[in-house]
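Engineer: As you go down the protein sequences, you meet chains A and B in turn.
Residues 1 to 95, numbered by the UniProt record's numbering, are exactly what the first sequence covers, in order.
Residues 1 to 95, numbered by the UniProt record's numbering, are exactly what the second sequence covers, in order.
2 protein chains.
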Amino acid sequence: MLIRTPADLGAVIRDRRKRLKLDQSSLAKQIGVSRQWVIEIEHGHPRAELALVLRALDALGIPVDAGGQQTTSRGPARSGVDINAIVTKAKKGKT
Amino acid sequence: MLIRTPADLGAVIRDRRKRLKLDQSSLAKQIGVSRQWVIEIEHGHPRAELALVLRALDALGIPVDAGGQQTTSRGPARSGVDINAIVTKAKKGKT
DNA sequence: ATCCAATGTCAGCGTTCGGTTACATTATCA
DNA sequence: TGATAATGTAACCGAACGCTGACATTGGAT
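1) Count the other C-beta atoms from every protein chain shown that fall within 10 angstroms of the C-beta of residue 13 of chain B, then say buried if there are 16 or more, exposed otherwise.
2) So residue 47 of chain A and residue 51 of chain B are in contact, right, with Cβ under 8 angstroms, and what is the actual spacing, rounded?
3) Of the residues A/45, A/64, A/31 and A/38, which one's Cα is nearest the Cα of residue 7 of chain A?
4) Would you say residue 31 of chain B and residue 66 of chain A are within 8 angstroms of each other, going by their C-beta atoms?
5) Using the three-state DSSP reduction, which class does residue 33 of chain A fall into: helix, strand or coil?
6) When the Cα atoms are used, what is the spatial distance from residue 27 of chain B to residue 58 of chain B?
7) Could you tell me which residues DSSP pairs with residue 22 of chain A in its beta bridges?
8) Residue 3 of chain B versus chain A: which residues are under 8 angstroms apart at the beta carbon?
9) Roughly how many angstroms lie between the CA atoms of residue 37 of chain B and residue 15 of chain B, to the nearest whole one?
10) Among B/41, B/23 and B/56, whose alpha-carbon lies nearest the alpha-carbon of residue 5 of chain B?
11) I believe residue 17 of chain A touches residue 54 of chain A by the beta-carbon criterion, under 8 angstroms. Please report the beta-carbon distance rounded to the nearest angstrom.
12) Does the beta carbon of residue 7 of chain B sit closer than 8 angstroms to a beta carbon anywhere in chain A?
13) DSSP on residue 9 of chain A, reduced to helix/strand/coil?
14) Which of helix, strand or coil does DSSP assign to residue 99 of chain B?
15) Is the beta carbon of residue 3 of chain B closer than 8 angstroms to that of residue 33 of chain A?
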C-alpha cells in the first residue's frame, strides 16, 4: 500500500489493527499513546507527530519503505523534476 | 530504505534533496514550508507534522510503501504478535 | 583573500497537539 | 430486553509546532 496522505495511513493502521483483533485502547497501550490519539490517527489526522506514527506502524508490524525507485508515473512530484527550472526560479524568486 | 525513526526519514530526505541538487530554501518552497522546517526534518525532528512529511516525500518523488508483507523477522513489533496475550492483558490492565 | 550562497542557530508568537476526563452512540451478546 | 464493550465527541491544559526574521558559521568559487 502506497502512503501519500494521512488518510491512507489511517486506513492502513486501522486495517492492521482490526486484522490483529485489537481494540483502540489496546493498541494505544502498545504504542504508548492515548486512545484519543489512535482514534484521530485512524481518522486521518494530518498533524500527528512523526515519531508516534512511526511507533504505531512499528507496533503493528508494518514496515515502511521509502524510495524503492521513483518511477513516479502518476502525478505530484513526477519523475523528471525540472531541477534547472526549480533552482533557477527559486533563485529568482528570492524577492 | 526502511524508515523506522525520524532520523531515518531525515537522512532519506536530505539524500534525495542533494541528489536533486536542491538547496533547503528551494525544497522548502516546493513543499510549502519554511526553510526552518526543512532543516529540522533533515536533523530528524521527531515531532514533525505527518502531512508535511508526506508532502516533502511526495515533492521529492519518494514513494512510501507500507506493509508490503509482514515477514517481520527482525525485531520491533515482533512477528506473530501474541494477540491473545495482548488483548487479555490489555483488558485486565484497565486499572 | 574575498565574496556569496548554503546551512545552522536563536528568540518570539499564534496555533495546535496530545493527554485527560466525561459523556453519547452504536454493536454485540446473553 | 438489558448489559457491556467499543467507538466517537467535547472541553480544558501544558507543551511544542512551524513561521518569521536576524545572525553566525561554513564552503565553494573567483
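Backbone N, C-alpha and C fix where the C-beta goes; we use that ideal spot for every residue, glycine too.
Here the structure is a predicted model, which means the values were calculated and not measured.
Structural biologist: With the structure as the only source:
1) buried
2) For residue 47 of chain A against residue 51 of chain B, the beta-carbon gap comes to about 6 angstroms, under 8 angstroms, which counts as contact.
3) A/45
4) no
5) coil
6) Rounded to the nearest whole angstrom, the CA to CA distance from residue 27 of chain B to residue 58 of chain B is 11 angstroms.
7) Paired residues: none, contrary to the question.
8) 54, 64, 65 and 66
9) 16 angstroms
10) B/41
11) Approximately 16 angstroms separates the beta-carbon atoms of residue 17 of chain A and residue 54 of chain A; this is outside 8 angstroms, ruling out the contact.
12) no
13) helix
14) As displayed, chain B neither begins before 1 nor continues past 95, which places residue 99 of chain B out of reach and without an answer.
15) No.
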